[in-house]
Amino acid sequence: MLLRYLVKRLGMALAVILLILLFLVAVVDLVPGDPARIVLRDRATPELIALVRHQMGLDQPLPVQVWNFMWGVVHGNLGTDFFSGVPVATLILQVVPDTVALALSGVFLALLVGVPLGVVVARRPNSLLDRVVGAVSMLLISTLPYVLALGLLLIFAVNWHAFPALGAGTISQPGDYLRHLLLPALALAIPWWGYLARLVRASMLEVLGAGYIRTAWAFGLRERVVFYKYTLKNALVPVLGLFGMMLGYTLAGTLYVEIIFNRSGLGSLALQAISDRDWPIVRGTVLLYALFFILGNLISDLSYRFLDPRIRVEEGVEVPA
Amino acid sequence: MAAIASSARTAESLWRRLLAPTSLLRRLVRRPAGLLGLLVVACIVVVAIFAPLLAPYKPDAVDVVNMFQGPSPGHLLGTDALGRDNLSRLLFGTRTALGIALPAVATAFAVGLCLGLLAGYLGSWVDKLLIVLIDTGLAFPAVILALAMITLLGPSIGNIILLIAVAYAPYYARLARAQTLAAKQNPYVKAERALGAGTARLLAVHVLPNIIPPLLILIAMDIPGAIGVEAGLAFLGLGVQPPTPDWGVMLNDGFTNIATTSWGLVGPLIALFVVTTAFTLLGETVRDIADPRFAGVRRRRLRFREIGKL
Numbered sequence: 022m023l024l025r026y027l028v029k030r031l032g033m034a035l036a037v038i039l040l041i042l043l044f045l046v047a048v049v050d051l052v053p054g055d056p057a058r059i060v061l062r063d064r065a066t067p068e069l070i071a072l073v074r075h076q077m078g079l080d081q082p083l084p085v086q087v088w089n090f091m092w093g094v095v096h097g098n099l100g101t102d103f104f105s106g107v108p109v110a111t112l113i114l115q116v117v118p119d120t121v122a123l124a125l126s127g128v129f130l131a132l133l134v135g136v137p138l139g140v141v142v143a144r145r146p147n148s149l150l151d152r153v154v155g156a157v158s159m160l161l162i163s164t165l166p167y168v169l170a171l172g173l174l175l176i177f178a179v180n181w182h183a184f185p186a187l188g189a190g191t192i193s194q195p196g197d198y199l200r201h202l203l204l205p206a207l208a209l210a211i212p213w214w215g216y217l218a219r220l221v222r223a224s225m226l227e228v229l230g231a232g233y234i235r236t237a238w239a240f241g242l243r244e245r246v247v248f249y250k251y252t253l254k255n256a257l258v259p260v261l262g263l264f265g266m267m268l269g270y271t272l273a274g275t276l277y278v279e280i281i282f283n284r285s286g287l288g289s290l291a292l293q294a295i296s297d298r299d300w301p302i303v304r305g306t307v308l309l310y311a312l313f314f315i316l317g318n319l320i321s322d323l324s325y326r327f328l329d330p331r332i333r334v335e336e337g338v339e340v341p342a
Numbered sequence: 295m296a297a298i299a300s301s302a303r304t305a306e307s308l309w310r311r312l313l314a315p316t317s318l319l320r321r322l323v324r325r326p327a328g329l330l331g332l333l334v335v336a337c338i339v340v341v342a343i344f345a346p347l348l349a350p351y352k353p354d355a356v357d358v359v360n361m362f363q364g365p366s367p368g369h370l371l372g373t374d375a376l377g378r379d380n381l382s383r384l385l386f387g388t389r390t391a392l393g394i395a396l397p398a399v400a401t402a403f404a405v406g407l408c409l410g411l412l413a414g415y416l417g418s419w420v421d422k423l424l425i426v427l428i429d430t431g432l433a434f435p436a437v438i439l440a441l442a443m444i445t446l447l448g449p450s451i452g453n454i455i456l457l458i459a460v461a462y463a464p465y466y467a468r469l470a471r472a473q474t475l476a477a478k479q480n481p482y483v484k485a486e487r488a489l490g491a492g493t494a495r496l497l498a499v500h501v502l503p504n505i506i507p508p509l510l511i512l513i514a515m516d517i518p519g520a521i522g523v524e525a526g527l528a529f530l531g532l533g534v535q536p537p538t539p540d541w542g543v544m545l546n547d548g549f550t551n552i553a554t555t556s557w558g559l560v561g562p563l564i565a566l567f568v569v570t571t572a573f574t575l576l577g578e579t580v581r582d583i584a585d586p587r588f589a590g591v592r593r594r595r596l597r598f599r600e601i602g603k604l
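Right, dumping it as structure tokens:
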């Protein structure tokens, strides 16, 4: 059963990846824009366009293009940058560590605050603190990431000069690097605080209502033991399952944060490529974002399955048994 | 024809239900959160309609002598790099925001509803194909999809609406499919089919009215998301282009000139915060009221896509 699910889920992820590859090749034919004409702008002459189309492989029939692109992707070849002639994969590999480091710090900060917040309010449900956290959670969840990032930038970096506003610093100076990292990571983490607080609270209260917790109380165990040893452990299963998906969403969110805090990364690379109309780089970065996202969802779905055997799978959607 | 006539009757009874004492609207107003959300949303709509009357200046009235002013009685939110009044641009920005978000979400709703209805009802290979398509659609956060599409298409308003619709439609298709699968099992649907009713009548009279309410809740939750995507794209330079008065464009201007003055950012930041919060309040309250029916179909992944879509 588990193996069958694993095969089915992996097959699904593979099918989605194949469709995305197909989309990223076919979209050029589907929409009116021509990457060759776009990148050349007003220098476009028919001869130049033909040359660039040939360089980008656009003059070949669609199935050949699809095959070439897939073959290239499997071998780590995403095409070459139109302007510098550098392989797109090289450009992406240079900046991916920055983006991943930022996303991981965001997820770390999100868990660091969000989970304890949920635990604290679950201890005294419907107390004043619980209501306040509930209301604030709603505000945090609905806040747009770039609004948050610009707000943080404005308050802490521009007005108070408490943190550096621009750049990422270098990893060789860890203190400076972390100071540069804190605000961007916070911008990614804060919406999750609200979400995690809600999730952990609901999950804690659900577990607290379970029979074995009542038994634990009946055995006369101390509150701390019941709460942290028995309840918390089980209540954290949904959070662990969420981890992969958080990572996927946070990676997508780094786009805005990189631009706002002027950090190097996938988002900055993509945006520069868009203003240069450099389709091979745009295609490469979009593919990478999508892969990250699919991987995150995959980790989440699989970890749910492995962490909580009670979850049964019907038609690819988890429903509690 | 019969199907169309009876769906008109259904629409009429839906309307009557909306105004009944136990209706959603009445129950919504009774909750403080719902009332607050509804009032703020109503204000936003009023501002969008009457922007020319409310705005003290024309949104594109250039006055270079008075550029980068701080707040003053003449310019409550100051002026931007071209001396344009920030408040006026902000008020007119509601038009751009709603003018893009509403048609985009409506398109996503219509397309998703049709696809989900067909897949759920017809089943077999249509359904399987749609599931793969939906999952592919869900694998692209809207902004990432925008990177690819806008590079090739260019950022016209029509393209932005299309893009947001494409990004959101899979969620509607998924929910509509799940709802259709559930509604199909109802005894009255089976009975009607046994009586010889055609597919069109079954879908229009029995399935459609039952699956629309949860989708409407999704709409309320998606409008702030769509506004966020629209303004976010404009902020990145991938959406509405200057000099259109738009919150994202204003954010971009303000961000570019942040070293000179931060007043350009304050207005659109607050506006976006208030609007998204108000719509979310409204959406969440509606969902809470409807929860008994809605709880079963609200899947894990739907819950926090508000964050992922941006």
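Chains S and U, in that order, give the protein sequences. Residue numbers for the first sequence follow our numbering, beginning at 22 and rising by one. Residue numbers for the second sequence follow our numbering, beginning at 295 and rising by one. Backbone N, C-alpha and C fix where the C-beta goes; we use that ideal spot for every residue, glycine too. Remember, predicted model here, so these are calculated numbers, not experimental data.
Hey, how far is the Cα of residue i from the Cα of residue j?
i, j, result
"S:K23", "S:L261", "Sequence check: residue 23 of chain S is Leu here, not Lys. About 19 Å."
"U:F549", "S:V134", "29 Å"
"S:I280", "U:L566", "19 Å"
"U:P614", "S:S285", "Since the first and last residues shown for chain U are 295 and 604, residue 614 of chain U lies out of range."
"S:V28", "U:L424", "20 Å"
"S:L169", "S:V136", "20 Å"
"S:R180", "U:G364", "It is Asn, not Arg, that sits at residue 180 of chain S in the sequence shown. Looking at the two C-alpha atoms, the distance is approximately 15 Å."
"S:P341", "S:M33", "With a pLDDT of 36 at S:P341, under the threshold of 50, the modelled position of this residue cannot be trusted, and the question is left open."
"S:P166", "S:Y270", "11 Å"
"S:V228", "S:M159", "23 Å"
"S:T66", "S:R58", "9 Å"
"U:G602", "S:G317", "Here U:G602 scores only 35 on pLDDT, less than 50, and its place in the model is too uncertain to base an answer on."
"U:V433", "S:S321", "It is Ala, not Val, that sits at residue 433 of chain U in the sequence shown. Near 14 Å, if we compare the C-alpha coordinates of S:S321 and U:A433."
"S:F103", "U:Y465", "36 Å"
"U:A472", "U:V340", "36 Å"
"S:A156", "U:N546", "30 Å"
"U:L469", "U:L475", "10 Å"
Start and end of the alpha helix (DSSP H) containing residue i?
i, result
"S:I280", "258-281"
"U:D429", "418-432"
"S:H201", "195-229"
"S:I315", "300-328"
"S:R243", "First-last for S:R243: undefined, no H or E at that position."
"S:K250", "Here S:K250 belongs to no alpha helix (DSSP H), and DSSP marks it neither H nor E."
"U:A498", "Note, U:A498: premise wrong, no alpha helix (DSSP H); not H, not E."
"U:W541", "541-550"
"S:P137", "109-144"
Candidates the options: which alpha carbon is nearest residue i's?
i, options, result
"S:V117", "S:W300, S:L319, S:A291", "S:A291"
"U:L456", "U:G414, U:E486, U:A398, U:L545", "U:A398"
"S:R304", "S:A256, S:I320, S:L287", "S:L287"
"U:F573", "U:G406, U:G522, U:G561, U:M515", "U:M515"
"U:G368", "U:D357, U:P350, U:F362", "U:P350"
"S:L123", "S:L43, S:L276, S:L150, S:I234", "S:L276"
"S:L263", "S:L229, S:L323, S:F240", "S:L323"
"U:I505", "U:P353, U:F403, U:G558, U:A436", "U:F403"
"S:Y272", "S:V128, S:V87, S:K254, S:P301", "Per the sequence shown, residue 272 of chain S should be read as Leu rather than Tyr. Answer by Cα proximity: S:V128."
"U:K422", "S:R222, S:G265, S:V37, S:Q86", "S:V37"
"U:I428", "U:N551, U:A442, U:L439, U:A467", "U:A467"
"U:Y482", "U:A470, U:L469, U:L497", "U:L497"
Nearest chain S C-beta to residue i closer than 9 Å, yes or no?
i, result
"U:M443", "yes"
"U:G526", "yes"
"U:A476", "no"
"U:G387", "no"
"U:G531", "yes"
"U:G522", "yes"
"U:V426", "yes"
Any Cβ of chain U within less than 9 Å of the Cβ of residue i?
i, result
"S:W238", "no"
"S:S324", "no"
"S:V278", "no"
"S:L83", "no"
"S:G78", "no"
"S:V141", "no"
"S:Y233", "no"
"S:F327", "no"
Measure the beta-carbon distance from residue i to residue j and round it to whole angstroms, keeping in mind my assumption that it falls under 8 Å.
i, j, result
"U:T555", "U:G372", "7 Å"
"S:L309", "S:I113", "6 Å"
"U:K531", "U:T570", "Reading off the sequence, residue 531 of chain U comes out as Gly, not Lys. At roughly 21 Å, the Cβ-Cβ gap does not stay under 8 Å, so U:G531 and U:T570 are not in contact."
"S:P212", "S:T164", "6 Å"
Between residue i and the ligand COA, is the CB less than 8 Å from at least one heavy atom?
i, result
"S:R152", "Among the components of this structure there are no ligands whatsoever, and the ligand COA is therefore not found."
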